[in-house]
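These notes are about the structure you will find just below.
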Amino acid sequence: MCTVGPIMCSMWLNSAWLVRVNGPDAAPLYKFLKANKPGLFGSRIKWNFTKFLVDKNGKVINRYATATTPFSFEKDIQKALEEEPSDSQTKKEEESSDSQK
1 MCTVGPIMCS MWLNSAWLVR VNGPDAAPLY KFLKANKPGL FGSRIKWNFT
51 KFLVDKNGKV INRYATATTP FSFEKDIQKA LEEEPSDSQT KKEEESSDSQ
101 K
């Protein structure tokens, strides 16, 4: 549900449809996700709503099929949220916050 107004929702939804997830023109994010967690049929995303779980360090933990509901892997999400980031990730975050001061 959009809480910022119909114009913003319309803009967001329209731009979301333009992201390519397969092929040579796929967005870099999806190339990264698929390379790190191929599915049953290779790296290609077969259908809408394929889900990826990424930890605080940027490591792809798992890939979930279209029909998989987020509630079914809630424990995986909670576990990922409870884990501490690696030292290198913590340093990057500290450097980022220092540069913003």
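Heads up: the sequence shown begins at 1 in my numbering, then just goes up one per residue.
A virtual CB, placed ideally from N, CA and C, is assigned to each residue, including glycine.
Nothing here was measured: the structure is a model prediction, and the numbers come from that model.
- Taking 3 residues as the shortest admissible run, the region 50-75 contains the following complete beta strand (DSSP E) segments, listed from N- to C-terminal end: 51-54 and 60-64.
- Short of 6 Å from the beta carbon of residue 37, and not among the five residues preceding or following it, lie these beta carbons of its own chain, in chain order: 60 and 63.
- Sequence-distant Cβ neighbours of residue 20 in its own chain, meaning closer than 7 Å and more than five residues away, are 26 and 27.
- Residue 34 sits buried, since 16 or more C-beta atoms from the chains shown fall within 10 Å of its C-beta.
- Boundaries of the alpha helix (DSSP H) harbouring residue 32: 28-36, taken from the DSSP string.
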